[in-house]
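Asks: This structure is in structure tokens; I'll ask about it shortly.
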Amino acid sequence: LAEFDSGSSCVMLPDAGGTAAGFTESPFRAVLEAHARHGAQTLVVVLGGADVTPVRVELPYHSWTHPQGCIAPYAGDKLILGDPVFRRYVVEHDLSGAQARLGIGLLSPSYAPRLILP
875 LAEFDSGSSC VMLPDAGGTA AGFTESPFRA VLEAHARHGA QTLVVVLGGA
925 DVTPVRVELP YHSWTHPQGC IAPYAGDKLI LGDPVFRRYV VEHDLSGAQA
975 RLGIGLLSPS YAPRLILP
């Protein structure tokens, strides 16, 4: 129910509920309501499946809110984990085998992006 997209500047949350979307309520509206009730909180998404160990993706409040990040509604049925995730995590795709695999891990606190010119 989630996809990684390095081209999305936001974390995109479905704004629909119901069995067709796979959610009992709108994830976008649930986050907005939780924010209104509880204030600045870490956004946690648990990724996993039947045959993999669940992984917690934690985005501190400052990383998913303006000016460093954003959440946005959209009409799809998956969570789109965009730029706020890529600023905090390394995502690796392994397409070498018969079954594609994905790895995710926290960036090192000492990591600093550098522009390398030819």
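Numbering (the working numbering), first residue to last: 875 to 992. Glycine included, C-beta positions come from ideal geometry on N, C-alpha and C. Note that this is a predicted model, so its numbers are computed, not measured.
#1: Cα separation between THR898 and GLY950?
#2: State the Cα-Cα distance for the pair ALA914 and PRO992, rounded to the nearest angstrom.
#3: Going by the DSSP bridge assignment, what does GLY977 pair with across the sheet?
#4: Could you check if ASP925 is buried or exposed, using at least 16 other CB atoms within 10 Å of its CB as the buried criterion?
#5: The alpha helix (DSSP H) that contains PHE902, what's its start and end?
#6: For ALA908 and ALA974, I'd like the C-alpha separation in whole angstroms.
Replies: If we stick to the structure as given:
#1: Those two C-alpha atoms are separated by around 15 Å.
#2: 42 Å
#3: In DSSP, GLY977 forms a bridge with GLU966.
#4: exposed
#5: 901-912
#6: Approximately 35 Å, taken between the alpha carbons.
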